[in-house]
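Data block below; observations after.
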Ligand code: SAH
């Protein structure tokens, strides 16, 4: 039975499911889940991410995290962690770029958090020279200063959606309409978690809540605040989400999110305000939300591109110029993608970010 039929059966037996449950099934179902069963990344895949576009991205992230480690007095043992490492490309670029930072490689334990068995096995190949370890839960990260990166990880976490109805909310649910999946609405109920949002929304507005993001970020931020370290959260989204941002991508084109469960990437925009509030509650400081293009320019991507360009010509040079543009230009990823930095009280913010 394919995933769509399994979901239709489940709905018939148990009633409509939340959008979050639907996302979880589509992405992580052990047999049919999108991430659980394939490698979706890269130029031939359904979507392409910054580290897959150019090595410059990971190199600059690596130097940024290593600089935080230097600024914090080179703690002797630290965790260098990545959430949702995809093919391991970003971590490989981080490690190559930081080889020359004296003492850094001796200090790090490389920790990866990855739910997909397929991607785990690709990561173990990409990173075979570095002996990474995988954690099953965020709480299993070693109790050390934590230098962490998450690129396009939080957007893959399941969101619940709520439609404002008077002073209460109706949850958007996935149900069935004959042999198709269809959106519907649950009964009107108050939602304590959305009390704040009664102020900036009107009847008919839709808001999203990502409980998984809050729980993961709270753990990471708590560890950075207690033990030291730094976090770089890079994703698309904005300060405070409003509206339906659930999106399905297949071969780099948008499709209806209910159309082919398990066969398309499903994401929702990251609500950076919710992450920032969670970070503060965990005792951690966060930077200003900064567009990816600005962040990479401040870290010196143009100088790096020029240095790489001096050894290239023809189509390789063109590819480099186009990658630089893609990562930084406001019409491409430069503005859509944002960076939120996490750091302990009394520490300097990560390079490229402002308090
Ligand atoms: N960071 C990589 C990959 C981004 S795709 C890059 O920039 O190329 C999202 C990644 O997060 C994949 O590795 C996916 O398997 C992982 N992921 C998604 N949901 C997850 C979850 N709930 N727990 C752990 N990993 C998850």
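Numbering (the numbering used here), first residue to last: 6 to 360.
The C-beta atom is built at its ideal place from N, Cα and C for all residues, glycine as well.
Everything numeric in this text was worked out from a predicted model, so none of it was measured.
In this structure residue 113 is buried. Its beta-carbon is surrounded by 16 or more other beta-carbon atoms within 10 angstroms. For residue 120, the Cβ falls inside the 8 angstroms cut-off from some heavy atom of ligand 1. Residue 289 and residue 180 have their C-alpha atoms spaced approximately 40 angstroms apart. In the same chain as residue 310, and ignoring 5 residues on each side of it, the C-beta atoms closer than 7 angstroms to its own belong to 61, 325, 329, in chain order.
For residue 233, the number of other beta carbons within 10 angstroms of its own is at least 16, and it is reported as buried. Non-local beta-carbon contacts of residue 283 in its own chain, meaning distances under 7 angstroms to residues more than five positions away in sequence, involve 219, 222, 223, 226 in chain order. The segment 103-123 and the segment 75-87 touch, with three or more beta-carbon pairs separated by less than 8 angstroms. Counting along the chain, residue 209 sits inside no alpha helix (DSSP H), nor does DSSP assign it H or E at all.
Setting aside the 5 residues that flank it on each side, residue 89 is surrounded in the same chain by 158, each with a C-beta closer than 6 angstroms to its C-beta; the list follows chain order. Here the C-alpha atom of residue 23 lies approximately 14 angstroms from the C-alpha atom of residue 249. The three-state secondary structure of residue 6, taken from DSSP, is coil.
DSSP places residue 266 outside both helix and strand once states are collapsed to three, so it counts as coil. Contact check for residue 355 and residue 69: beta-carbon distance about 5 angstroms, within the 8 angstroms limit, so the pair qualifies. No residue range can be given for residue 158, since it is assigned to no alpha helix (DSSP H) and is classified by DSSP as neither H nor E. Residue 197 places its beta carbon 9 angstroms or farther from that of residue 245. By the criterion of a C-beta distance shorter than 7 angstroms, residue 294 is surrounded in its chain by 244, 277, 343, 345, once the five residues flanking it on both sides are discounted.
In the three-state reduction of the DSSP assignment, residue 110 falls in the helix class. Short of 7 angstroms from the beta carbon of residue 217, and not among the five residues preceding or following it, lie these beta carbons of its own chain, in chain order: 162, 163.
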